[in-house]
Amino acid sequence: MTAVTTTHPEAFRPALHYTARNTWLNDPNGLIHHQGLYHLYYQNNPFGNTWGNMSWGHATSENLADWTEQPVAIACDEQEDIFSGSIVFDSQNSSGLGTETAPPLVAVYTSAYKDASPLHGVQAQSLAYSLDGGFTWKKHAGNPVLSRNSANFRDPKVFRYNGGAGSYWVMAAVEAEDYKVVLYKSEDLKTWEHLSDFGPANATGGIWECPDLFALPVDGNPPELKWVLTVNLNPGGPNGGSAGQYFTGDFDGVKFTSDSTITSGDQDPDRLQEYNWLDWGRDYYAAVSFSDAPDGRRIMIGWMNNWDYANQIPTSPWRSPMSLPRELSLATIGGRTRLIQNVVEEAICRDESPAVQDGPIHLAGETRPIPAATGTVQLIEAEFTAGTGEEFGLIVRGSGTEGTRIGINPAQGRLILDRTASGDTGFHDGFPSVDTAPITARDGRYRLKIYVDHCSVEVFAQHGELVLTDLIFPDKTSTGVSIYAHGGSATFESLTITPLI
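Using our numbering, read the sequence shown as starting at 17 and increasing by one per residue.
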């Protein structure tokens, strides 16, 4: 059902998330921190706000909060579209594309060759390089540098490996329809040698795209490193449509070995619940991490949309936001190594004092408005203990007819995000949804950190143990926050609501 809305589509433009000024964007590409700037490149249609004419858009930031849109970095032409890829700082000028005193940034991207090209229909890996810190780019004359004569070989993530097997560049790319991550090595970014393949494994309900591979300490212990392989798939996510999964294990410089692979029952609903998902919501895809982030941090950004309805979301002249940047870590939970994700602190400017700071609040079979908490962009931090209630939680961006419900069903062990009455939902049959994720009380408590923006809700549960991200398109007058306990009692041990604009 389409909600009646008085909101102009431009009013949906988020305050906390990056969007292109007046064009389409999708996958984040080439994320790198270089010379004091974060560079966010991305799949971009410079000529419209639906998918097409794939080029690399570009934005920069000093703090991950305030972004400046730059001119298109690498443009499509009559021969090729510029599909996803990554950027490295070639500090030793191993590629020879710069000089010893002025080493280059090198972009490794997928050339999707068009009908005008002799390679039409092929996807292969190519290079472009920048000698001015990432603002202007020149394509390498010897492109492509790596081809498998495949129509689905794409999305190279390149990093420098230094380990027992040596020191060299490693590329993780995909054979999308084979559900494989393919690994290559190079000394100079131009000549590549095949190392190994990983997959199919775990979720294979859709093509694999946009891999990433990196090491993190477990439980904050640097000597105990594990490798994390992330790969996105479309469709096949836990709540439908596109999503991202991750594997933990070891990479010895040649082969990635997973310790979290489940080998059977791929699309059985119960089996899907056992896989490691980057995000359980409908709107987090193509997530990749920054190269060379300060202080050795691993920071990831995803595209906040879903291919089920991406071209139809009701925004104009822009279409699609990026997620908030997330800092990643590994923790041992229930005997398993889990990826922990939390919003990068500096990406959120908390200049305002909390509008609400309360608790404990005991509820029993009721919904209670919080009048002091009205707003459209806010951070909500809540800590609950279960009583006899069947479900308890919050309703955000609410009014008499609208609201997005974020709840916990303790008996079923589910976190719930219900956007069926969130505002404009009628632009695509697949948009109105009730999305759920498994949740377990920790020390008898449930903890949620919820980032609400003009067109999104990002729920980080149990200190980042699981995340659920969904787009919403509410009326501008839907600003209310309520708390509830249905079918019995629950206690909000603490509730803090802070406006973010």
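No residue lacks a Cβ here, since even glycine has one placed at the ideal position from N, Cα and C.
* Where P387 sits in the DSSP three-state scheme -> If DSSP states are grouped into helix, strand and coil, P387 belongs with the helices.
* Report the rounded CA-to-CA distance for R170 versus D469, giving the unit in angstroms. => R170 and D469: Cα-Cα distance of roughly 32 Å.
* Assess, as a yes-or-no matter, whether the region 443–454 is touched by the region 246–263 under the definition of 3 or more beta carbon pairs within less than 8 Å. => Put simply, the region 246–263 touches the region 443–454. At least three CB pairs are less than 8 Å apart.
* To do: Look at the Cβ atom of Y129, then the Cβ atom of H136, and state whether they are nearer than 8 Å.
  => Result yes, Cβ atoms of Y129 and H136 sit closer than 8 Å.
* Asked: Rounded to a whole number of angstroms, what is the C-alpha to C-alpha distance between T22 and I422?
  -> For T22, the pLDDT reaches just 45, beneath the cut-off of 50, and the residue's location in the model is therefore unreliable, although a value from the coordinates is still provided. If you take the alpha carbons of T22 and I422, they lie about 24 Å apart.
* Asked: Going along the chain, which residues of its own chain have a beta-carbon closer than 6 Å to the beta-carbon of I517, five neighbours each way excluded?
  -> So the list reads A31, V393, once near-sequence residues are dropped.
* **Selection from L56, N61, H50 that minimises the alpha carbon distance to R335** => Measuring from the Cα of R335, the nearest candidate turns out to be N61.
* Asked: Among D106, Q59, I103, S345, which has the Cα closest to the Cα of V88?
  -> Taking only the C-alpha atoms, the option nearest V88 is Q59.
* Residue nearest to V104 in terms of C-alpha spacing, selected from W83, T353, L147 -> Of W83, T353, L147, the residue nearest in Cα terms is L147.
* Asked: Taking all protein chains shown into account, do 16 or more other C-beta atoms lie within 10 angstroms of the C-beta of E94, making it buried, or fewer, making it exposed?
  -> E94 is exposed by the Cβ-count criterion.
* Asked: Under the rule that 16 or more other beta-carbon atoms within 10 Å means buried, what is E225, buried or exposed?
  -> Flag for E225 reads buried.
* By the 10 Å Cβ neighbour count, where 16 or more other Cβ atoms means buried, how is R342 classified, buried or exposed? -> With 16 or more other Cβ atoms within 10 Å, it is buried.
* Asked: When DSSP labels each residue in this structure, what does N358 get in the three-state scheme?
  -> Looking at N358 - three-state DSSP - the assignment turns out to be strand.
* To do: Write down every uninterrupted run of the beta strand (DSSP E) in the region 19–58 whose length is 3 residues or greater and which is fully enclosed by it, in chain order.
  => Within the region 19–58, the beta strand (DSSP E) runs of at least 3 residues that lie entirely inside it are, in chain order, 40–50.
* Compare the Cα-Cα distances from G260 to each of V270, P227, D235, S163 and report the closest residue. => Nearest C-alpha to G260: P227.
* Asked: Starting from P172 and walking both ways along the beta strand (DSSP E), at which residues does that stretch end?
  -> Per DSSP, P172 belongs to the beta strand (DSSP E) from 169–179.
* Nearest to H33 (by Cα), restricted to the options H444, A181, E474 -> That would be E474, whose Cα lies nearest to the Cα of H33.
* To do: Give the straight-line distance between the Cα atoms of V20 and Y500, rounded to the nearest whole angstrom.
  => Any reading at V20 must be qualified, since the residue scores a pLDDT of 33, below 50, and its modelled position is unreliable; the value itself is stated next. Those two C-alpha atoms are separated by around 25 Å.
* Measure the C-alpha to C-alpha separation of G503 and L484 and round it to an integer number of angstroms. => Rounded to the nearest angstrom, the two C-alpha atoms are 24 Å apart.
* Is there contact between the region 405–417 and the region 377–397, where contact requires at least three CB pairs shorter than 8 Å? -> At 8 Å Cβ cutoff, the stretches touch.
* Asked: Thinking C-beta only, is S110 closer than 8 Å to L205?
  -> With respect to the 8 Å criterion, L205 and S110 are classified as neighbours on the basis of their beta carbons.
* **Assigned secondary structure, A326 (DSSP; H/G/I helix, E/B strand, else coil)** => Of the three classes helix, strand and coil, the one that applies to A326 here is helix, per DSSP.
* Asked: Where do the ends of the beta strand (DSSP E) carrying W83 lie?
  -> Under the DSSP assignment, W83 falls outside any beta strand (DSSP E); it carries neither an H nor an E label.
* Residues near H210 in its chain [Cβ-Cβ closer than 8 Å; skip 5 each side] -> Correct list, in chain order: V198, L199, Y200.
* To do: Return the CA-CA distance between G221 and L249, expressed in angstroms with no decimal places.
  => When the Cα atoms are used, G221 and L249 turn out to be separated by approximately 7 Å.
* Select from T331, Q328, L340, D311 the residue whose C-alpha is nearest the C-alpha of I317. => With respect to the C-alpha of I317, the residue from T331, Q328, L340, D311 having the closest C-alpha is L340.
* Asked: Considering only the beta carbon of each residue, do P120 and Y145 sit closer than 8 Å?
  -> Their beta carbons are under 8 Å apart, which means P120 touches Y145 by this criterion.
* Asked: Roughly how many angstroms separate the alpha carbons of A347 and G414, rounded to a whole number?
  -> Note on geometry: alpha-carbon atoms of A347 and G414 lie some 35 Å from one another.
* In whole angstroms, what is the alpha-carbon distance linking T436 and F151? -> About 42 Å.
* To do: Pull up the distance between the alpha-carbon of G429 and that of T353, whole angstroms please.
  => Whole-angstrom Cα-Cα distance: 20 Å.
* **Close beta carbons around E203, own chain, < 8 Å, minus the five adjacent residues each side** => S110, Y184, W185.
* **Any alpha helix (DSSP H) of 4 or more consecutive residues that is wholly inside the region 90–115** => DSSP assignment within the region 90–115 yields no whole alpha helix (DSSP H) run of 4 residues or more.
* Does the Cβ of L241 have 16 or more other Cβ atoms within 10 Å, making it buried, or fewer, making it exposed? -> Answer is exposed; the Cβ neighbour count stays below 16.
* Assuming L522 contacts R298 (C-beta within less than 8 Å), just tell me the rounded distance between them. => This structure cannot settle anything about residue 522, because the visible part of the chain is limited to 17 through 517.
* Consult DSSP for E382 and reduce its assignment to one of helix, strand or coil. => Three-state DSSP puts E382 in a strand.
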